[in-house]
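If you count by mature numbering (1 follows the signal peptide of the UniProt record, and there is no 0), then the sequence shown holds residues -32 to -1, 1 to 290, one letter each, in order.
Using N, Cα and C, we set each Cβ at its ideal position, and we do this for glycine too.
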Amino acid sequence: MNRKKQAFTLLITLWVTLVLLSGCNSPSQQGAAPPEAPSGQDTIQTTSYPLTYTDDTGVATTLEKEPQRIICLAPPSTEILSALGLDRKLIGLTVYDNYPVGIQENAEYIFEDSLNPNLEQLIQLKPDLVVTGMHKDSFINSLRSLGIPVAHLNPQSLESTYQTIEKLGYITNTQEQAQAVLQGMKAKEQAIADKVEAIKEAERVRVWIEVDPGLFTAGAGTFLNELITKAGGINIASDVQDWAQYSEEQVIEKNPQVILSTYSYYMDNVKATIVARPAWQAIDAVSNDRIYDLDSDMVTRSGPRIVDGLETIAKALYPERF
């Protein structure tokens, strides 16, 4: 099994086990805006240290000085930190950090296991800050017990992504850059909303989103469901919660007009595979050749590119409006 397929299998396991069963990412913990840096402030402030902040676990952490050596174990946050101009401060990354191109080149160490990194190696890097994402409490607590500052951030919506960018800007003293990134993202989101808001409910496109060939999909409460909705579509799997597995019969019965897939990064000929399913020939999306593959990273990583993913989906659903 190649690395990309291993990554996908790990993600599916986490989605199903952690999200569906344990519900560990509760909405109350995700993306809380930093009270120290409220949105919409007229004057961008410089961060003062020592700084005490709270992350998505609700734990307060104090940074004695501006972080200069940052380990990021969450690719979405890596993309945020890079957009804030902090590439050269990212001294530890994971093998899955692939954007921007060349982001790993300046790192002192690349962790092969992003969720269970070598703790001894991590300590040797002497980080000022470790940014985590889909990590277990036990790992986060082990870092904190060693006196290593942690920012655990795992946004699961567009709004909480905005709040995470703002919080990382505040923590790293890059508030001006964070506001510039946010302004660009919000402007693009609004432009998309303006183009799809006039579409009547009866005319909105029915969408099936396939995240693996076993018919796992994104239900209500997922980031992908939010993106489809904001793009003006109707997710046919919104009757299930979180990540779930549909049956062929369910997809056929709901007859999607557009099919979106997200797994061509590890499997070739995804569209051909979908088209070749004998029972799917009468589905509108198949008969009308409206099957599109999405850049998985762009539509699942809660970072600056997520609005580009939103735009890609909107263009697939309503090309005449874009």
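Under a three-way DSSP split, which group does residue i fall into?
i	result
D261	strand
F290	coil
L285	helix
Y17	coil
Y77	strand
L114	coil
G187	coil
L49	helix
N203	strand
K33	coil
T(-24)	Summary for T(-24): the model assigns pLDDT 44, below 50, so the residue's position carries little reliability, and this model does not support an answer.
A166	coil
A212	strand
Y138	helix
S255	helix
S(-7)	Low confidence applies to S(-7): its pLDDT is 33, below 50, so where it sits in the model is not reliable, and the reading given next is rough at best. Three-state result, S(-7): coil.
D236	coil
S106	helix
S128	helix
P68	coil
S7	Any reading at S7 needs caution, since the residue's pLDDT is 46, under 50, leaving its predicted position unreliable; the model's value is listed next. S7 falls in the coil class under three-state DSSP.
Which residue or residues does DSSP assign as beta-bridge partners of residue i?
i	result
residue 312	The question about residue 312 has no answer, for the chain in this structure spans -32 to 290.
S229	E178, D261
L58	I38
residue 369	Residue 369 is absent from the structure shown; the chain starts at -32 and stops at 290.
Please identify the residue among the options whose C-alpha is closest to the C-alpha of residue i.
i	options	result
Q158	G200, L114, F191, P95	G200
G189	N74, Q209, L195	Q209
S255	D276, Q225, D263	Q225
K94	F107, D105, L111	L111
residue 295	Y130, S264, Q249, Q143	One cannot answer for residue 295 here, as it falls past the ends of the chain, which runs -32 to 290.
S16	K222, K156, Q143	Q143
K168	R273, F184, I202	I202
L195	Q13, A282, T132, F79	A282
Q125	T280, I274, Y286, E288	It should be noted that the sequence gives Ser, not Gln, for residue 125. Looking at the Cα atoms, I274 is the closest of the given residues.
L183	T268, F107, E279, I204	I204
R172	A250, K57, D24, Y286	Y286
K198	D276, Y234, M266, I160	I160
E217	D23, Q249, L278, P85	Q249
For my contact list, residue i and residue j are in at a C-beta cut-off of 8 angstroms; report their separation, rounded to the angstrom.
i	j	result
K135	F290	32 angstroms between Cβ atoms; not a contact.
S229	V219	That belief does not hold up - the Cβ atoms of S229 and V219 are roughly 13 angstroms apart, past 8 angstroms.
I177	A166	Not a contact, Cβ separation roughly 24 angstroms.
R245	P44	Going by Cβ atoms, the distance from R245 to P44 rounds to 32 angstroms, so no, they are not a contact pair.
residue 301	I139	Outside the shown range of the chain, which is -32 to 290, sits residue 301, and nothing can be said about it.
R174	K222	7 angstroms
Would you say residue i touches the ligand HEM, meaning its beta carbon is less than 7 angstroms from a heavy atom?
i	result
L262	With respect to the ligand HEM, the structure offers nothing, as it holds no ligand at all.
Does the region 89 to 101 come into contact with the region 38 to 58, if we say contact requires no fewer than three beta-carbon pairs (one atom in each stretch) closer than 8 angstroms? The region 89 to 101 makes contact with the region 38 to 58; the number of CB pairs closer than 8 angstroms reaches 3 or more.
Cβ pair count under 8 angstroms reaching 3, the region 48 to 58 against the region 144 to 161: yes
Three Cβ pairs or more, each shorter than 8 angstroms: is that satisfied between the region 111 to 120 and the region 15 to 30? yes
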